[in-house]
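Working notes, beginning with the structure itself.
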Amino acid sequence: MASRLSRRAMRLSPSPTLALDAKTKDMQRQGIDVINFGIGEPDFDTPSHIKDAAVQAIQKGFTKYTPASGIPELKEAICKKLADDNGLQYEPSQIVVSVGAKQAIYNAVQVLCDEGDEVVVPAPYWVSYTEIVKLAGGEPVEVPGEESAGFKMTAAQFEAAVTSKTKILMLNSPNNPSGAVFDEAELRAIGEVCARRGIYIISDEVYEKLVFGGNKHVSIARANPSVKDLTVVVNGVSKTFAMTGWRIGYAAGPRDIIKAMGDLQGQVTSNPTSISQKASVAALLGPREPVEDMVREFGKRRDYVVRRFNSMPDVTCGEPGGAFYAFPNISGFFGRRAASGDVLKDSAALSGAILRDARVSVVPGSAFGMEGYVRVSYATSMANLEKGLDRIEAFLANLA
Ligand SMILES: Cc1ncc(COP(=O)(O)O)c(C=O)c1O
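Numbering-wise (our numbering), the sequence shown opens with residue 23 and increments by one.
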């Protein structure tokens with residue numbers, strides 16, 4: 023008898039970050055004082071001019087189906103943003119608006135990846151990439167970046183992983199979870215391999231505005247113009263404008279790929295929410311001060327978190343160039359014992375014990391394809407960071 027679930031469904035793992043967030047919120051509902059460092063969304067409110075645009079859209083009755091791939095007004099605002107911020111020229115016909123960057127990435131993989139195609143996924147990686155590739159019948163090929171190289175896959179490592187079956191490279195800069203930001207020369211070199219081998223690139227740039235210190239975000243399609251026709255640039259309003267719940271992302275790329283993504287969307291979800299699309303126009307065309315204020319605050323928190331981790335014995339933490347995560351190396355604690363007597367053999371066991379005994383949620387590095395680390399989100403208040411880091415420090419100091 024055929025099994026109840028499809029092979030596709032059986033290959034799928036649920037999102038470990040969403041599961042951890044649900045567990046943390048469940049504990050909080052039960053009245054347990056848990057500090058949430060597992061979260062992947064800004065703790066700031068959506069700026070008021072963006073909310074106002076949504077209220078106006080509702081009041082004016084902009085509450086019906088829109089074109090499946092997004093309203094022309096938003097596509098034009100996206101083209102302007104890509105030209106002004108990224109130096110990339112696209113026409114509205116090269117843009118598709120989706121239900122978050124997540125759907126844009128899913129759609130791009132679905133229209134590019136055939137059964138058995140290989141997709142290079144540099145590790146550590148955002149948890150959904152490998153599952154999205156598997157859902158398309160593709161084979162994720164993980165290429166781990168070295169901590170000493172800031173967790174960045176080099177062009178040489180990439181080339182060594184390429185085979186005749188390689189179809190796509192999933193690139194994510196600034197990176198979730200490591201915060202790594204690729205510079206122009208690194209992107210040019212990786213792009214050079216793609217151009218030579220005809221490999222498509224899905225460039226996930228959702229954290230582009232969240233860069234600190236001397237780091238600068240550059241899109242690979244700009245760093246190496248010879249790959250622009252092989253690249254689907256993915257971005258969204260979630261992280262930049264504190265709009266995670268509005269569910270608007272977008273992709274820009276070659277017309278045929280974008281059309282196929284829009285056609286797929288037309289059969290699966292239809293348009294992203296009409297009201298959120300209007301709000302996103304206001305976000306992209308409106309004042310940038312709220313974003314700058316948010317980035318300034320994230321920068322202060324980053325410095326604090328990195329300093330705290332590096333002051334803890336047996337922990338090392340590199341300085342993330344972007345996003346809102348620290349990725350400390352906690353492998354020095356493997357083999358030690360928690361109060362429960364459990365031996366902490368890996369990052370999952372350590373994260374489990376930190377949640378249970380220190381009441382702080384962090385995500386194990388293994389969820390991102392890299393053992394030896396935990397991801398700590400600093401998208402939470404300074405008071406929470408102080409309290410949570412005090413708890414982690416005391417927990418680690420007490421391990422036998
Ligand atoms: C690297 C990366 N890409 C994409 C997304 C999805 O963003 P969206 O809310 O636009 O779907 C996330 C969200 O956590 C992310 O970390």
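Note that beta-carbon positions come from the ideal geometry of N, C-alpha and C, so glycine has one too.
With a cutoff of 6 Å, Gly62 counts as near ligand 1, since its C-beta is closer than that to a heavy atom of the ligand. Look at the beta carbons and you see the segment 290–305 touching the segment 64–77: at least three pairs across the two are nearer than 8 Å. The three-state reading of DSSP puts Met49 in helix, counting H, G and I together. According to the DSSP assignment, Ser70 belongs to the alpha helix (DSSP H) that extends over Ser70 to Gln81.
With contacts defined by Cβ atoms closer than 7 Å, Val121 and Val155 do not form a contacting pair.
For Ala273, DSSP records a beta bridge to Val118 and Val256.
Contact holds between the segment 179–191 and the segment 124–138, because three or more Cβ pairs, one in each stretch, are under 8 Å apart. Between the segment 102–109 and the segment 76–84, the count of Cβ pairs shorter than 8 Å is below three; the stretches do not touch. Under DSSP, Asp336 shares a beta bridge with no residue. The segment 403–422 and the segment 155–167 do not touch, with fewer than 3 CB-CB distances between them shorter than 8 Å. In this structure, Phe331 sits away from Pro309, with a CB-CB distance that is not shorter than 7 Å.
When Cβ pairs closer than 8 Å are counted between the two stretches, the segment 112–120 is seen to touch the segment 266–279, the count reaching three or more. Distances from the CB of Trp148 to the heavy atoms of ligand 1 include at least one below 6 Å. The Cβ neighbour count for Ile57, taken over all protein chains shown within 10 Å, is at least 16; the residue is labelled buried.
Here the alpha carbons of Ser383 and Leu377 stand approximately 5 Å from one another. The way I'd put it, the segment 193–212 does touch the segment 238–249; three or more beta-carbon pairs between them come closer than 8 Å.
In terms of side-chain proximity, the C-beta atom of Ala123 is found nearer than 6 Å to a non-hydrogen atom of ligand 1. Per DSSP, Thr188 is one residue of the beta strand (DSSP E) stretching across Thr188 to Asn194. At a cut-off of 6 Å, the beta-carbon of Val228 counts as near ligand 1: some heavy atom of the ligand is closer than that. Annotated three-state conformation of Asp315 is helix, per DSSP. Taking 6 Å as the cut-off, one finds at least one heavy atom of ligand 1 near enough to the beta carbon of Asn194.
Rounded to the nearest whole angstrom, the CA to CA distance from Leu96 to Val254 is 18 Å. A direct Cα-to-Cα measurement between Gly363 and Ser369 gives close to 16 Å. Taking a cut-off of 8 Å on C-beta distances, the segment 164–171 does not touch the segment 314–321, as fewer than three cross pairs fall below it. Positions of the alpha helix (DSSP H) runs, each at least 4 residues long and wholly inside the segment 107–168, are given as 122–134 and 150–157 in order along the chain. For Ser225, the pairing in a beta bridge is given by DSSP as Leu193 and Val255.
Under DSSP, Arg359 takes part in a beta bridge, and its partners are Val365. Within the same chain, Ile352, Phe355, Phe356, Leu366, Pro386 and Val396 come within 8 Å of Leu372 by CB-CB distance, once the 5 residues on both sides are set aside. For Gly271, same chain residues with a beta-carbon under 6 Å away, outside a window of 5 residues either side, are Ser120, Gly122, Ala123, Ala126 and Gly258 in chain order. Under DSSP, Val398 shares a beta bridge with Ala348. Ala99 and Tyr229 have their C-alpha atoms roughly 19 Å apart. The beta carbon of Gly271 sits closer than 6 Å to at least one heavy atom of ligand 1.
Our two residues, Gln111 and Gln52, have alpha carbons roughly 51 Å apart in a direct line. Nearest C-alpha to Gly344 among Asp251, Ala202 and Ser388: Ala202. Met392 is positioned such that its CB atom lies no closer than 7 Å to that of Pro196. Rounded to whole angstroms, the Cβ separation of Ser298 and Trp268 is 4 Å, and the two are in contact under 8 Å.
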